[in-house]
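Structure, as structure tokens:
Protein chains: 2
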Amino acid sequence: MVTSRSAATARSQGASPRRRGPVLERAILEAALDQLSTVGWNGLTMEGVAVGAQTGKAAVYRRWPSKEDLVADALQVGLPTLDEAPDHGSVREDLYQLCRRIRAAMYSKPGFALRSVIHECDSETAERLHGLIVTGVIEPSARLLREVVRRGIRRGDVRADATGELLFDVIPAMMMYRSKMCASEWTDAEIAAMIDQIMVPLLRSPSS
Amino acid sequence: MVTSRSAATARSQGASPRRRGPVLERAILEAALDQLSTVGWNGLTMEGVAVGAQTGKAAVYRRWPSKEDLVADALQVGLPTLDEAPDHGSVREDLYQLCRRIRAAMYSKPGFALRSVIHECDSETAERLHGLIVTGVIEPSARLLREVVRRGIRRGDVRADATGELLFDVIPAMMMYRSKMCASEWTDAEIAAMIDQIMVPLLRSPSS
């Protein structure tokens, strides 16, 4: 597929000016995400990444001694930050907007890349990258969900005892399950159905 | 790993009497499940299966022209049947017992085999085996969950409008998610926590 000759051609065409430091690093990380989302974890090679970033293999190896190191950094830098919980005045609307953001992250380039890593790499590599998935995806989503639910409890449209840790796994679990097992792409209508059939009855306060 | 020589050795040791028809087929399917649960989908070879079943490669190929055909049959025959919904007089107890059965299926040899297929095989193979997962696992679990919930509605400990299709995905989704992402092995206590934190509040009728 990608050969040294094509790398040489890319360089000789002068498509890329001499880049250093952060600019070159950024290009290499971008190229790694491109590779992950097209040929997947198993197909990714350091050489392919070098070609994609229009640089040499040595420039890649100088910064990242292995494919695992490179992929870990690429995912960490590329994943969208889920930083602020939506605040629209109702738990139903907040959860709906939060699910749309989670969907956007899932179907972003780094989201596809992450899923290829989760599904393809062997258990040893998976273990190493697992921490990244936890800190980069699971914890931030759970934190925002917790924030939305807490605000609902204060407002009164969520029951006061909706505090169990497992509650905050329901949305990510459903999104992963139906995307993998039922090939669902989580249209807006499907997100709304999940909120109405599951999250609203699960969280509502007896008085509301 | 497994070589023709070791196959020949196994045969020459006379460990296996001459078997025909269903007995030999059963041994081959068992050996396929063994391979799946030890070396996974990617590691499984027709030759390895033949050695495991103490037969020749030709005997395997005569019945199953490809690895995919063989694995599809092995899973279909091996998966435990989830045939009757538990009936203990309360939705809480019924769901608890049903989850324990789903866990037993997940951690059975064919369950491990199935998961290796889901996680390892490429999307083309996955598509072909996907139908098997749907008819062998997803639909039977959803059917039993639906039965338990319907009975709860009739009895009055489940709200009458607990009929949305997505409700019946929550348990399998949670079990898959936390087993994959949090390495949970679903102890009895974790199953009970899921029922109490999620399923009971999700399903309970306002009057109960």
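Those protein sequence lines, which keep their order, are chains A and B.
The first sequence: position 99 = 324 (the working numbering), numbered continuously.
The second sequence: position 153 = 378 (the working numbering), numbered continuously.
Every residue gets a Cβ at the ideal spot worked out from N, C-alpha and C, and that includes glycine.
*Hey, does A:GLY377 have any beta-carbon neighbour from chain B nearer than 9 Å?*
no
*Evaluate contact between the segment 286-293 of chain A and the segment 303-313 of chain A, counting only Cβ atoms and requiring at least three cross-stretch pairs below 8 Å.*
no
_Distance CB(A:CYS324)-CB(A:ILE396) smaller than 9 Å_ = yes
_Let me confirm a value: A:TYR321 is counted as buried when at least 16 other C-beta atoms fall within 10 Å, else exposed. Which label applies?_
buried
_A:HIS355, DSSP secondary structure in three states_ = helix
*Are at least three pairs of beta-carbons, each pair with one atom in the segment 335-344 of chain A and one in the segment 256-276 of chain A, less than 8 Å apart?*
yes
*Reference B:PRO311, options B:ARG403, B:ILE343, B:SER366, closest by Cα*: B:SER366
_Quick check on this structure: which residue in A:LEU392, A:ASP308, A:ALA256, A:SER315 has the alpha carbon closest to the alpha carbon of A:LYS334?_
A:ALA256
*Compare the C-alpha of A:LEU391 against each of A:LEU269, A:ARG376, A:LEU427 and name the closest.*
A:LEU427
_Proximal chain A residues relative to B:ARG403, where beta-carbon distance stays under 9 Å_ = LEU391, ASP394, ALA398
*asked:* My output table needs one value for B:VAL362: the three-state DSSP class, helix, strand or coil.
replied: helix
_Can you pull the chain A neighbours of B:PRO431, defined as C-beta to C-beta under 8 Å?_
PRO431
*asked:* Starting from A:SER404, trace the alpha helix (DSSP H) in both directions and tell me its first and last residue.
replied: 395-406
*Expressed to the nearest angstrom, what Euclidean distance is found between the alpha-carbon atoms of B:GLY277 and B:TRP266?*
15 Å
*Cβ of A:VAL285 within 9 Å of Cβ of A:VAL274?*
yes
_So with CB distances below 7 Å, who are the chain A contacts of B:MET419?_
LEU391
*Would A:ARG384 pass as a contact of A:SER430 if the rule is Cβ separation under 9 Å?*
yes
_Where the segment 242-273 of chain B meets chain A: residues whose CB sits under 7 Å from a CB there_ = none
*For B:MET399, count neighbouring C-beta atoms within 10 Å of its own C-beta (all shown protein chains included) and say buried if the count is 16 or more, exposed if not.*
buried
*From A:ALA408, A:ALA283, A:SER404, A:LEU300, pick the residue whose C-alpha is nearest to that of A:THR360; which is it?*
A:LEU300
_Within-9 Å CB hit, B:VAL359 to chain A_ = yes
*How should A:GLU345 be labelled, buried or exposed, when 16 other C-beta atoms within 10 angstroms of its C-beta is the threshold for buried?*
buried
*Using a Cβ cut-off of 9 Å (strictly closer), state whether A:LEU427 contacts chain B.*
yes
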